[in-house]
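Q:
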Amino acid sequence: MKDNRRDFLKKSTALAALSVVGLSGCSSSGKEPAENGRAVLTGSANNTKGAEWPIKIGENQPRLTLGVSSKATVAQMRQIKQLGVDYVLMGGPPIPWTVESLREIMDRFKDEGLTVINMMIGEHPNAIYGREGRDEEIKKIQDSLVAAGQAGLPVVEYNFYAHRLLEGYYEEKARGGASNTSFDYEKGKNLPTDPKLGTPQTAEMLWNNLTYFLKAIIPVAEKAGVRMALHPNDPPIPVSHGHDQIMATFKDWQRLLEIVDSPANGMTFDCGVTREMGEDPLEVLRYLGSRDRINHMHYRNVTVEKPYVKYSEVFIDEGQVNMFAVMQEVFNLGYKFGIYPEHPRALDYDREHPGGIKSMYPGGGGYAAEAYNVAYTKAMMQAVVSLKETGVNA
1 MKDNRRDFLK
11 KSTALAALSV
21 VGLSGCSSSG
31 KEPAENGRAV
41 LTGSANNTKG
51 AEWPIKIGEN
61 QPRLTLGVSS
71 KATVAQMRQI
81 KQLGVDYVLM
91 GGPPIPWTVE
101 SLREIMDRFK
111 DEGLTVINMM
121 IGEHPNAIYG
131 REGRDEEIKK
141 IQDSLVAAGQ
151 AGLPVVEYNF
161 YAHRLLEGYY
171 EEKARGGASN
181 TSFDYEKGKN
191 LPTDPKLGTP
201 QTAEMLWNNL
211 TYFLKAIIPV
221 AEKAGVRMAL
231 HPNDPPIPVS
241 HGHDQIMATF
251 KDWQRLLEIV
261 DSPANGMTFD
271 CGVTREMGED
281 PLEVLRYLGS
291 RDRINHMHYR
301 NVTVEKPYVK
311 YSEVFIDEGQ
321 VNMFAVMQEV
331 FNLGYKFGIY
341 PEHPRALDYD
351 REHPGGIKSM
361 YPGGGGYAAE
371 AYNVAYTKAM
381 MQAVVSLKET
391 GVNA
């Protein structure tokens with residue numbers, strides 16, 4: 001294709017922003033002189049105070065974030081920065097983390113204007129399975145959390161599942177020949193246990209193991225000034241290859257918070273996964289957010305045919321989740337950590353460029369689709385702030 005990438009990104013960002021916040025700007029009858037480089041739109045129908053543009057996202061508001069490799073090149077960092085994204089997340093180095101190993105990574109991104117807001121920690125299978133060697137893994141994670149606090153890393157994300165069912169995913173055609181990532185539990189619910197994974201874990205076993213884990217690490221995280229974010233089961237199914245899934249229902253999430261009552265013991269809230277479970281994302285968001293337990297957030301949309309069983313990850317603008325209402329509630333709750341518009345759709349533009357498709361999922365996309373997600377998310381954020389500044393109670 002001969003389209004200039006820069007023009008593509010500029011147009012996609014502008015169109016997404018106009019589609020959401022055009023009402024506020026286009027309905028004004030005039031524009032006051034710029035103040036400190038920011039245009040002030042005034043004269044709306046109900047005489048509300050005009051919003052100042054460009055809209056600024058404050059320090060105590062959500063941080064638009066993208067995922068990237070810790071070994072990203074300068075060119076890859078520039079791609080992120082060019083989208084107007086200032087925060088990134090990634091998998092962390094081998095445990096135990098040290099201040100030096102973290103700062104080496106974080107400083108590389110800082111040099112390109114990017115702040116590392118979240119790292120995923122892993123390498124704790126014995127802790128998950130409750131096997132010999134878990135205390136050694138837990139000690140390494142405790143040391144890593146101390147290092148994270150000293151390095152200025154605010155959030156550490158983690159998983160706690162014995163197995164994740166990937167066999168249920170498949171590609172499904174979407175608008176204009178793009179692709180969605182769809183899931184059908186019927187494709188994988190009766191698959192046998194893999195002996196290499198160890199003893200099949202019941203829900204009781206996993207809850208005992210998670211409780212042991214959290215009571216050991218959360219006090220350390222709290223003292224270090226670090227928040228832990230447990231990623232829910234995705235797909236949110238009851239069993240994967242004979243292993244129960246204990247982060248697959250809203251009741252599970254509520255139970256997690258009760259194990260250790262601390263903001264350091266939080267979750268990654270995903271409005272898409274919440275809808276996949278058949279729950280109302282707004283109600284769950286309010287429950288978790290009012291208790292200050294959302295330490296990271298995924299922002300994506302889905303259409304659900306049958307909760308837990310069959311659904312599709314779709315374009316962010318065409319699913320069943322009211323993304324604007326979700327964003328409004330995020331701001332109302334005072335959430336101030338990362339918001340990640342993940343799981344881009346597969347577009348021809350990415351398919352036709354070498355290395356363009358980055359996703360591990362069938363129907364997942366790459367940079368062009370990420371640009372679309374970022375533009376949509378930023379427009380939603382600006383719309384919420386704009387309405388707040390104008391005094392409109394939408």
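In the UniProt record's numbering, the protein residues as written are 1 to 394. Here a beta-carbon is modelled for each residue, glycine too, at the ideal position from N, C-alpha and C. The structure displayed is predicted, hence computed values, not measured ones.
Alpha carbon to alpha carbon, how far is H343 from G365? Give it in angstroms, no decimals.
A: Roughly 7 Å between the two C-alpha positions.
Q: On a CA-only basis, which of S69, V385 and P125 is nearest E59? Give me that one, please.
A: Considering only alpha carbons, the answer is V385.
Q: Would you kindly work out how many angstroms separate the C-alpha atoms of P62 and M90, rounded to a whole number?
A: Taking the straight line from one Cα to the other gives about 18 Å.
Q: Taking contact to mean at least 3 C-beta pairs separated by less than 8 Å, is the stretch 325 to 332 in contact with the stretch 146 to 160?
A: These segments do not touch.
Q: Work out the CA separation of V155 and M247 for me, nearest whole Å.
A: So the two alpha carbons sit approximately 19 Å from each other.
Q: Determine the contact status of T181 and E313, defining contact as a CB-CB distance below 8 Å.
A: Against a cut-off of 8 Å, the Cβ pair of E313 and T181 comes out as a contact.
Q: Who are M327's beta bridge partners in DSSP?
A: Per DSSP, none; premise fails for M327.
Q: With distances taken Cα to Cα, identify the nearest neighbour of V374 among P362, V68 and L83.
A: The candidate whose alpha carbon is nearest that of V374 is L83.
Q: Run through the DSSP bridge pairs and tell me what V230 is partnered with.
A: Per the sequence shown, the amino acid found at residue 230 is Leu instead of Val. Its beta-bridge partners are Y158 and M267.
Q: Less than 8 Å between the C-beta atoms of A229 and M267, yes or no?
A: Yes. Within cutoff.
Q: Measuring from the CB of H343, is there a heavy atom of the ligand HEM at a distance below 7 Å?
A: In the structure on display, the ligand HEM does not appear, and there are no ligands present to speak of.
Q: So does the stretch 210 to 219 actually touch the stretch 136 to 146, counting three or more Cβ pairs closer than 8 Å?
A: The stretch 210 to 219, when compared against the stretch 136 to 146, does touch it at the 8 Å Cβ threshold.
Q: Would you report the Cα separation of K110 and V74, rounded to the nearest angstrom?
A: K110 and V74: Cα-Cα distance of roughly 11 Å.
Q: Reducing DSSP to helix, strand and coil, say where D350 ends up.
A: Three-state DSSP puts D350 in a helix.
Q: In terms of residues, what are the limits of the alpha helix (DSSP H) holding Y367?
A: Segment Y367 to T390, the alpha helix (DSSP H) holding Y367.
Q: For the stretch 235 to 246 against the stretch 155 to 173, do three or more pairs of beta-carbon atoms, one drawn from each stretch, fall closer than 8 Å, so that the two count as touching?
A: Verdict: yes, contact present.
Q: DSSP three-state call for V239: helix, strand or coil?
A: Here V239 sits in strand by DSSP.
Q: Do you know whose CA, among H296, A221 and V220, lies nearest P232's CA?
A: Among H296, A221 and V220, the Cα nearest to that of P232 belongs to H296.
Q: Express the C-alpha separation of E222 and R275 in angstroms, rounding to a whole number.
A: For R275 and E222, the distance between alpha carbons rounds to 31 Å.
Q: To the nearest angstrom, report how far apart D107 and M381 are at their CA atoms.
A: Taking the straight line joining both Cα atoms gives about 28 Å.
Q: Can A264 and V309 be called in contact, C-beta distance under 8 Å?
A: For A264 and V309, no; Cβs fall outside 8 Å.
Q: Should the stretch 120 to 127 be called in touch with the stretch 166 to 173, which here means at least 3 C-beta pairs below 8 Å?
A: Result no; under three Cβ-Cβ pairs closer than 8 Å.
Q: Under the three-state reduction of DSSP, which class applies to E313: helix, strand or coil?
A: Residue state, collapsed to three classes: strand.
Q: Between which two residues does the beta strand (DSSP E) harbouring I339 extend?
A: Counting along the chain, the beta strand (DSSP E) containing I339 begins and ends at G338 to Y340.
Q: Among the residues of its own chain, which have a CB less than 6 Å from the CB of L257, if the five just before and after it don't count?
A: Here the set comprises R293.
Q: How would you call E157, buried or exposed, if buried means at least 16 neighbouring beta carbons within 10 angstroms?
A: So E157 ends up on the buried side.
Q: Can you tell me the Cα-Cα spacing of I339 and Y299, whole angstroms?
A: Looking at the two C-alpha atoms, the distance is approximately 6 Å.
Q: Note down, one range per segment and in chain order, each alpha helix (DSSP H) of at least 4 residues found wholly within the stretch 42 to 123.
A: Counting whole runs of 4 or more residues, the stretch 42 to 123 contains the alpha helix (DSSP H) stretches 74 to 82 and 99 to 110.
Q: Verify whether the separation of the beta carbon atoms of R345 and G356 is less than 8 Å.
A: No, the Cβ-Cβ distance between R345 and G356 is not below 8 Å.
Q: Starting from the Cα of R255, find the closest Cα among V146, E318, I57 and N208 and give me that residue.
A: Nearest C-alpha to R255: N208.
Q: Measure the Cβ-Cβ separation of V85 and T65 and say whether it is below 8 Å.
A: Yes, Cβ-Cβ distance for V85 and T65 is below 8 Å.
Q: Is N190 buried or exposed, if buried means 16 or more other CB atoms sit within 10 Å of its CB?
A: Label assigned to N190: exposed.
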